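Following: one structure in structure tokens, then a few remarks.
Right under this line is the structure:
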């Protein structure tokens, strides 16, 4: 339930997000228990199987410990036979909580919790503002990703190890996750006295800011 690959920057991600390659998301699985609220989605994942994302790799029936590999067999039939209490080992999907780590782990901020976003590239990507606590750069560094296997572990990781809960160092309160490099240059250029924008450019800038969770915010 872990993966490792090269890292690269993505300023379009939030500081609490990490982009995970699709081929990694197909291997890392989470044991999702089937219930009334998610049974339709779980059936869709079972039909997709291990080769299509989002999909699933295994099914474990409620009354047995035996796992059924979805690469073989009639997936349509297995999806219809799915019952409450069964466990579907589904692929990692957008919104899953993951632990992100760069070695050597020199302090507690060397491993933090992020929200996964599955992307079609082949590297782990995150906002470069989070480089400092990981002591990371993008000259070939590799990082590790771990997928917690219970709801309790996911909740605990997000509350205690989330990037938004670790913006400053516990040593002296110095901020570690903050604007750097192009962020500072861009802010300077945007706020020069002789910088003006027409309506179209201003709307484009606002639209670029309001993405993800903020896309429905009224301005």
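Residue numbers (UniProt numbering): 1 to 219. The beta carbon of each residue, even a glycine, is placed where N, CA and C say it ideally should be. Quantities reported herein were computed from a predicted structural model and do not represent experimental measurements.
Exposure label - residue i; buried when at least 16 CB within 10 Å
i           : result
residue 138 : exposed
residue 203 : exposed
residue 209 : exposed
residue 109 : buried
residue 66  : exposed
residue 7   : buried
residue 3   : buried
residue 205 : exposed
residue 56  : buried
residue 148 : buried
residue 106 : exposed
residue 26  : buried
residue 89  : buried
residue 28  : buried
residue 75  : buried
residue 114 : buried
residue 145 : buried
residue 136 : buried
residue 102 : buried
residue 62  : exposed
residue 43  : buried
residue 30  : buried
residue 79  : buried
residue 187 : exposed
residue 116 : buried
Identity of the residues DSSP links to residue i by a beta bridge
i           : result
residue 5   : 143
residue 101 : 111 and 144
residue 118 : 20
residue 29  : 91
residue 168 : 175
residue 124 : 7
residue 162 : 113
Assumed close pair residue i, residue j - CB separation to whole angstroms, cut-off 8 angstroms
i           : j           : result
residue 99  : residue 111 : 6 angstroms
residue 133 : residue 176 : 5 angstroms
residue 94  : residue 118 : 6 angstroms
residue 13  : residue 97  : Actually they do not touch by this definition, with Cβ atoms about 15 angstroms apart.
residue 178 : residue 129 : 6 angstroms
residue 16  : residue 162 : 6 angstroms
residue 58  : residue 70  : 6 angstroms
*asked:* Can you confirm whether the segment 72 to 89 touches the segment 29 to 37 when touching is taken to mean that 3 or more C-beta pairs between the two stretches lie within less than 8 angstroms?
replied: The segment 29 to 37 vs the segment 72 to 89: in contact.
_Suppose only complete runs of 3+ residues qualify. What are the beta strand (DSSP E) ranges in the segment 45 to 76, listed by chain order?_
The segment 45 to 76 is shown to contain whole beta strand (DSSP E) runs of 3 or more residues at 56 to 60 and 67 to 69, in chain order.
*Counting pairs of beta carbons, one from the segment 158 to 172 and one from the segment 40 to 59, are three or more of them closer than 8 angstroms?*
In short, these stretches do not touch, since the Cβ pair count stays below three.
*How about the segment 125 to 139 and the segment 6 to 25: do they share at least three Cβ pairs that are nearer than 8 angstroms?*
The segment 125 to 139 vs the segment 6 to 25: in contact.
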